[in-house]
Amino acid sequence: MQKFLDDLISGDDARAEKTIPYLLEFGEALIQPLIKLTHSPDANTRFWAVRALSASPHTLTSHLIPLLNDSMPDIRAAAALAIMNHPNDEAVEALIQTLYDSDALTASLAGNALVRIGASATAPLLKVMEEAKTNVRITAIRALAEIKDHRAIPMMMKCLNDENESAVIQYWAVQGLNKLGLDMVYINP
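Position one of the sequence shown corresponds to residue 820 (our numbering), numbered consecutively onward.
What follows is the structure in structure tokens.
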């Protein structure tokens, strides 16, 4: 296994990517060595450890959640992407916090991961819609639109009826209502 781990962290991206299928053959025995690599001071090592964890069917969401707080945005983004491959309700709170990440890609991927988790993310996303700034709310409303939970309808209608609301938020509110089968003309009487 060590030879493949060495290839993974070699600094050669093509070599690292090619070695992942071979590493996965080690099954559950691979997880702890990869978790150990996520604590490396080297960002490239951490990135490839997260990438391999993402690919493994033996990875638990709980292995990935702490990585959303890495100092490097690439690792945080990779962790959010990995959670998309291993969605679980236990990640909702951490992903909600990640919506506020200073890195736009990381925040967007956190929104995508919340979509994969589904309806259990609806209530926390609705809270974000009440409290956050526009850039975070855009990601939250997009996630709500994709989740297609009827509990989001009042928030979507509120967004549409607010003439001061961001056009992007209103767009996603319309998309969400359409996805819920409520594709009609929305007017304020």
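Ideal placement from N, C-alpha and C gives every residue a C-beta, glycine not left out.
Legend entry - Asp861 versus Gly995: straight-line alpha-carbon distance, rounded: 41 angstroms
Legend entry - Beta-carbon gap between Val934 and Glu912 smaller than 7 angstroms: no
Legend entry - With 16 other Cβ atoms within 10 Å as the buried cut-off, status of Met891: exposed
Inset, instruction - Quick one: using the 10 Å Cβ neighbour count with 16 as the cut-off for buried, is Leu879 buried or exposed? - result: exposed
Legend entry - Ile884, enclosing alpha helix (DSSP H) - first and last residue: Segment: none, Ile884 is in no alpha helix (DSSP H) and carries neither H nor E.
Legend entry - Within 7 angstroms, strictly: CB atoms of Met974 and Leu945: yes
Legend entry - His969 (DSSP reduced to helix, strand or coil): helix
Legend entry - Contacting residues, own chain, Cβ-Cβ under 7 angstroms from Gly1000 (five flanking each side not counted): none
Legend entry - Buried/exposed call for Asp832, threshold 16 Cβ in 10 Å: exposed
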